[in-house]
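Engineer: Sharing a structure below in structure tokens format, with a few things to ask.
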Amino acid sequence: MKNKKTHIWIALGTIAVFLFIAFFGCGSDIKGIRHMRFGIDIKGGVEAVFEPVGITKKPTAKELESARNIIEERLDSRNILDREVTIEKQEGRILVRFPWKSDEKDFNPEEAIAELGETAKLTFQDEEHKVLVEGQDVASSSVVQNRDTRAYEVELHFDKSGTEKFAGATEENLGKHIGIYMDDTLISNPVVQQKIEGGEAVINGMASREEAQALSDKINAGSLPFSMKTSNYNTISPSLGSQALKSMVAAAVTAMVLVCLFMSLYYKLPGVLSCITLLFQMALQVLAISIPQYTITLPGIAGLILSAGMAVDANIIISERISEELMHGSSVKAAVKAGYQRAFSSVLDGNITTAAVAVILMLFGSGTMLSFGYTLFTGVVINLFAGVWMSRTMLTSVVQYEFFKRPSMFRRKREKKILDFSGKRRWIFLFTACVLVSGAILSAANGMKLDTQFTGGVILKYTCTGDADTEKLKESVEAVLKRPANIQITEDPASGQQKLAVTLAGNKGLSPQEQQEVAKTLDEEGGQEYKLSETYAVEPYIGAKALKNSVLAIVLSALFIVIYIRIRFSSMSGLAAGISAVAALLHDILIVVFVFGVCRIPVNDAFVAVTLTIIGYSINDTIVLYDRIRENQKKKGKGETLAKLVDRSITETLGRSVNTALTVVACVFIIFLFSVFYHIESIQVFSLPLLAGMISGCYSSVCIAGPLWVCWEEHKQSKKK
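Each residue of the sequence shown is one higher than the last, beginning at 104 in our numbering.
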């Protein structure tokens, strides 16, 4: 008993240590929140133009797309997830924008570009320098140690095509050298002893393990279809700036204070301890992002919001369960113990489904999707294993003290009248249909706008001097051309020449007359002279591969949810429950789509982020309801119909659903208010659809998933009769 009393003080000490490390860091390897790597919009970064060298003809669209994918993979491997990589087909160039390192002080673009690694081409050549096999035929490489010499080597594993090519090459060059080149640099020149058919080769001659690992990493990052060089580079000014970061920090602090006030006043002692636990979880989340230097992106912020929401959600579920136990006459200690035990299955199922979505995104995603998946996954793991454990440790310790084990320190629930959701389901479905149809009509009337990230567009660069109000210029250009625009300031580090970069979405190009209108608008609004210096016609920033993987990830997430619910909720005819849950998710996704359409928000990667956030949030809400239905099935009342059982389950979990929605929606709403007040459009167009989606997620879980499952089951029963 005495030992348990000390647990609270050990826990508080542990939390204080992690909060200190999360803020100040610890040494050069453990970086805190002050040394996080922020995206281009907050800190700025580098813009580089890569051109192919050593080829006599213009690269094909397929080769350019392959080079683009490899550059994106290299950026992913370095955790640079806030970036823009696009193709200019006309000149056969690739444009890359990415943020500075967190510790970058001098803003040296040459050093930043070196972070991408060598953009070299790996080839296997015979003694006549004929190319036999290329790096794109290599599936993977790894570092191995030679058993005889103990020297480190790089082992290559070819794909099917590469295996056939290498077998033929070694057969034709028996007793001869096959040189392995990075561009024109010979890195290994072994003699072929025999025909090699196993699809493997070894590069030796490495001076150290570090050298072997560096080469292996370079090969795994991908071999470009041609060598590339940086033709020019510029620094990019932040599109939002330090004021945006300060305002978002203020919004987050405000939201946290309000959530903690609500939790403390409503749930009393468990609410206070849940707020302390939330600080612990956020500290761990910050370290999970800052230590590997993952770039904080807009979707990453979405993952943080959802992680914080799920952390609060888990504590609300537990607090509600404890209140129920007290209502049924349990002592405080017994109520705390039973509350955690009964809540665990809901918390576990909700977190597992969300974690699975995050893992799928990490496997198939790239860039911002990978950022979202990683942030969400670490948040879920921290919530499940650290958050729940820490809150339980503190609460079970605190109730050992006489002062804190009084029932008045807890909220006591009262019996509620069962609400007739299933009986009113026709009206609910009719209302839902009217909302969806209205949204579809208004969105169709307005027309869905696509941002440059999906459509490609035109980049116009103008020389300029002095400061420019980029937000005002953006509004003026969009008003004239009736198409989404983005404006940033770039600077040539060699000459110091500033340029205004105007990016216009759309694949229809730009007529000379429209160029004149843009120039006229800039001159009128800017108060200085702008001269057009460069023009690029670029492909979509979100490539076909990334777009396909996004859709694939969402589809696989939906399939996993159906399968998981089918297995875990077999007592509810799991397939029906799974499909009903996905139908509720589809409703939420459509609501988000319609908000983008009705509010005329250009669809960009924020749309993907919001959609994925809503999927994770909504399914967690539905899982809690299903868990209660499954529990109530075991103690079903005599003569109680399926509809009444579901209504009882919804009524019992309604407080949790509303309170969770209230806390998360309050956070997002405060972020939206701050973005409006400080005129941060990129946050506005993210937070407004997210706000609508969160409200929709609560509605669909309560009013659609459960009643729809009842319809399915009643239809099955009527068919049997």
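Glycine included, C-beta positions come from ideal geometry on N, C-alpha and C.
On the DSSP bridge assignment, give the partners of Leu198 in chain order.
Structural biologist: Here residue 198 refers to the residue found at position 95 of the sequence shown. Val152 and Thr189.
Engineer: Nearest-angstrom Cα distance between Phe663 and Ile133?
Structural biologist: As a first step, residue 663 must be located in the sequence shown, where it is residue number 560. As a first step, residue 133 must be located in the sequence shown, where it is residue number 30. Going by the C-alpha atoms only, they are around 35 Å apart.
Engineer: Using a Cβ-Cβ cut-off of 8 Å (strictly less than) and excluding sequence neighbours within five positions of Asp523, which residues of its own chain qualify?
Structural biologist: Here residue 523 is taken as the residue at index 420 of the sequence shown, counted from 1. Counting only Cβ-Cβ distances below 8 Å, and skipping sequence neighbours, we find Asp750.
Engineer: So, for Ala769: in the same chain, excluding its five sequence neighbours on each side, which residues have a beta-carbon less than 7 Å away from its beta-carbon?
Structural biologist: As a position in the sequence shown, residue 769 is number 666, starting the count at 1. Correct list, in chain order: Ala358, Leu361 and Val362.
Engineer: Given that a residue counts as buried once 16 or more other Cβ atoms are within 10 Å of its Cβ, and exposed if not, what is Met104?
Structural biologist: Taking the first residue of the sequence shown as position 1, residue 104 is located at position 1. Because the pLDDT at Met104 is just 45, under 50, the model does not fix this residue reliably, and the value given afterwards should be weighed accordingly. Per the 10 Å Cβ criterion, exposed.
Engineer: Is the separation between the beta-carbon of Ile786 and that of Ser778 shorter than 7 Å?
Structural biologist: Reading the sequence shown from its first residue, position 683 is the one you call residue 786. Reading the sequence shown from its first residue, position 675 is the one you call residue 778. Yes, Cβ-Cβ distance for Ile786 and Ser778 is below 7 Å.
Engineer: Based on the DSSP secondary-structure assignment, which residues constitute the bridge partners of Glu303?
Structural biologist: Along the sequence shown, read from residue 1 onward, the residue named residue 303 stands at position 200. Answer is His260, bridged to Glu303.
Engineer: Of the residues Ala622, Lys577, Pro615 and Ala571, which one's Cα is nearest the Cα of Gln601?
Structural biologist: In the sequence shown, residue 601 corresponds to position 498, counting from 1. The shortest C-alpha separation from Gln601 is found at Ala571.
Engineer: Just tell me which of Gly135, Lys108 and Ile111 has its CA closest to the CA of Phe121.
Structural biologist: Working through the sequence shown from its first residue, we reach residue 121 at position 18. It is Gly135.
Engineer: Compute the distance between the beta-carbons of Phe97 and Met385, then report whether it is under 7 Å.
Structural biologist: This structure cannot settle anything about residue 97, because the visible part of the chain is limited to 104 through 824.
Engineer: Taking C-beta to C-beta, are Asp452 and Thr763 nearer than 7 Å?
Structural biologist: Residue 452 sits at position 349 when you count from the first residue of the sequence shown. Residue 763 sits at position 660 when you count from the first residue of the sequence shown. No.
Engineer: Inspect the beta-carbon positions of Ile183 and Thr496 and report whether they are closer than 7 Å.
Structural biologist: By 1-based counting over the sequence shown, the position of residue 183 is 80. By 1-based counting over the sequence shown, the position of residue 496 is 393. Against a cut-off of 7 Å, the Cβ pair of Thr496 and Ile183 comes out as no contact.
Engineer: Whole angstroms are fine: how far does the CA of Leu259 sit from the CA of Gly243?
Structural biologist: Your numbering for residue 243 matches position 140 in the sequence shown. Your numbering for residue 259 matches position 156 in the sequence shown. The question names Gly, but residue 243 in the sequence shown is Ser. If you take the alpha carbons of Ser243 and Leu259, they lie about 6 Å apart.
Engineer: From which residue to which residue does the beta strand (DSSP E) around Asn454 run?
Structural biologist: Indexing the sequence shown from 1 puts residue 454 at position 351. Counting along the chain, Asn454 falls outside any beta strand (DSSP E), though it belongs to the alpha helix (DSSP H) covering Val435 to Phe467.
Engineer: Going along the chain, which unbroken runs of the alpha helix (DSSP H) with 4 or more residues stay wholly within the stretch 542 to 594?
Structural biologist: Segments of the alpha helix (DSSP H) lying fully in the stretch 542 to 594: 555 to 558 and 573 to 584.
Engineer: Under the assumption that Leu745 contacts Glu816 (Cβ atoms under 8 Å), give the Cβ distance between them as a whole number of angstroms.
Structural biologist: Counting from 1 along the sequence shown, the entry for residue 745 is found at position 642. Counting from 1 along the sequence shown, the entry for residue 816 is found at position 713. Sure, about 6 Å apart at Cβ, within 8 Å.
Engineer: On a CA-only basis, which of Val698, Gln619 and Trp812 is nearest Ser683? Give me that one, please.
Structural biologist: Counting from one through the sequence shown, the residue named residue 683 turns up at place 580. Minimum Cα distance to Ser683 is reached at Trp812.
Engineer: Can you grab the Cα-Cα spacing for the pair Lys108 / Ser311, in whole Å?
Structural biologist: Working through the sequence shown from its first residue, we reach residue 108 at position 5. Working through the sequence shown from its first residue, we reach residue 311 at position 208. Distance between the alpha carbons of Lys108 and Ser311: 54 Å.
Engineer: Do you know offhand how far Gly809's Cα is from Ala355's?
Structural biologist: Position 706 of the sequence shown, counted from the first residue, corresponds to residue 809. Position 252 of the sequence shown, counted from the first residue, corresponds to residue 355. Rounded to the nearest angstrom, the two C-alpha atoms are 33 Å apart.
Engineer: Find out if the Cβ-Cβ distance for the pair Val706, Ser653 is shorter than 7 Å.
Structural biologist: Translated into the one-based positions of the sequence shown, residue 706 becomes position 603. Translated into the one-based positions of the sequence shown, residue 653 becomes position 550. No, the pair does not count as a contact, with Cβ atoms beyond the cut-off.
Engineer: Between the Cα of Ala679 and the Cα atoms of Ile692, Val761 and Val665, which residue gives the shortest distance?
Structural biologist: As a first step, residue 679 must be located in the sequence shown, where it is residue number 576. Residue Val665 is the option with its Cα nearest to Ala679.
Engineer: So, Asp229 versus Phe261, is the Cβ gap smaller than 7 Å?
Structural biologist: Walking along the sequence shown from the start, residue 229 turns up at place 126. Walking along the sequence shown from the start, residue 261 turns up at place 158. Not in contact: Asp229 and Phe261 (Cβ atoms no closer than 7 Å).
Engineer: Grab me the residues of Ala459's own chain with a C-beta within less than 6 Å of its C-beta, minus the 5 sequence neighbours each way, in chain order.
Structural biologist: Against the sequence shown, residue 459 aligns to sequence position 356. Cβ within range, chain order: Phe663.
Engineer: Give every residue of the same chain whose Cβ lies closer than 6 Å to the Cβ of His280, excluding the five residues on either side of it in the sequence, and list them in chain order.
Structural biologist: The residue you call residue 280 lines up with position 177 of the sequence shown. Closer than 6 Å at the Cβ level, and outside the excluded window around His280, lie Glu230, Asn292 and Val294.
Engineer: Any idea what DSSP makes of Gly116, helix, strand or coil?
Structural biologist: Position 13 of the sequence shown, counting from 1, holds the residue named residue 116. Here Gly116 sits in helix by DSSP.
Engineer: Is the CB-CB distance between Pro615 and Gly559 below 7 Å?
Structural biologist: Within the sequence shown, the letter at position 512 stands for residue 615. Within the sequence shown, the letter at position 456 stands for residue 559. No, the pair does not count as a contact, with Cβ atoms beyond the cut-off.
Engineer: Could you please give the first and the last residue of the uninterrupted beta strand (DSSP E) stretch that includes Ala858?
Structural biologist: The requested residue 858 does not occur in the structure, where the chain is confined to residues 104 to 824.
Engineer: Use the C-beta contact count for Arg250: other C-beta atoms within 10 angstroms, 16 or more gives buried, fewer gives exposed.
Structural biologist: Reading the sequence shown from its first residue, position 147 is the one you call residue 250. The residue is exposed, with fewer than 16 neighbouring Cβ atoms inside 10 Å.
Engineer: Would you please state the rounded distance, in angstroms, between the beta carbons of Gly302 and Phe269? I believe it to be under 8 Å.
Structural biologist: As a first step, residue 302 is located in the sequence shown; it is residue number 199 there, counting from the start. As a first step, residue 269 is located in the sequence shown; it is residue number 166 there, counting from the start. With a Cβ gap of about 7 Å, Gly302 and Phe269 count as contacting.
Engineer: Across the stretch 478 to 492 and the stretch 509 to 517, are there enough close Cβ pairs to call them in contact, namely three or more that are closer than 8 Å?
Structural biologist: Not touching, per the Cβ criterion.
Engineer: Tell me which residue opens and which closes the beta strand (DSSP E) that Thr754 is part of.
Structural biologist: Taking the first residue of the sequence shown as 1, we reach residue 754 at position 651. Here Thr754 belongs to no beta strand (DSSP E); instead the alpha helix (DSSP H) covers Leu745 to Phe780.
Engineer: Which residue comes first and which comes last in the alpha helix (DSSP H) that contains Thr499?
Structural biologist: As a working note, residue 499 is residue 396 in the sequence shown. Looking at the DSSP string, the run of the alpha helix (DSSP H) that includes Thr499 is Val491 to Val501.
Engineer: In chain order, what residues of the same chain have a beta carbon less than 6 Å from the beta carbon of Leu368, not counting five sequence neighbours either side?
Structural biologist: Counted from its first residue, the sequence shown places residue 368 at position 265. Contacts found: none.
Engineer: Out of Arg445, Arg140, Ile197 and Val540, point me to the one whose CA is closest to Ala164's CA.
Structural biologist: Stepping through the sequence shown from its first residue, residue 164 is reached at position 61. Closest by alpha carbon: Ile197.
Engineer: Tell me the rounded alpha-carbon separation between Ala640 and Leu533.
Structural biologist: Looking up residue 640 in the sequence shown gives position 537. Looking up residue 533 in the sequence shown gives position 430. When rounded, the distance between both Cα atoms is 47 Å.
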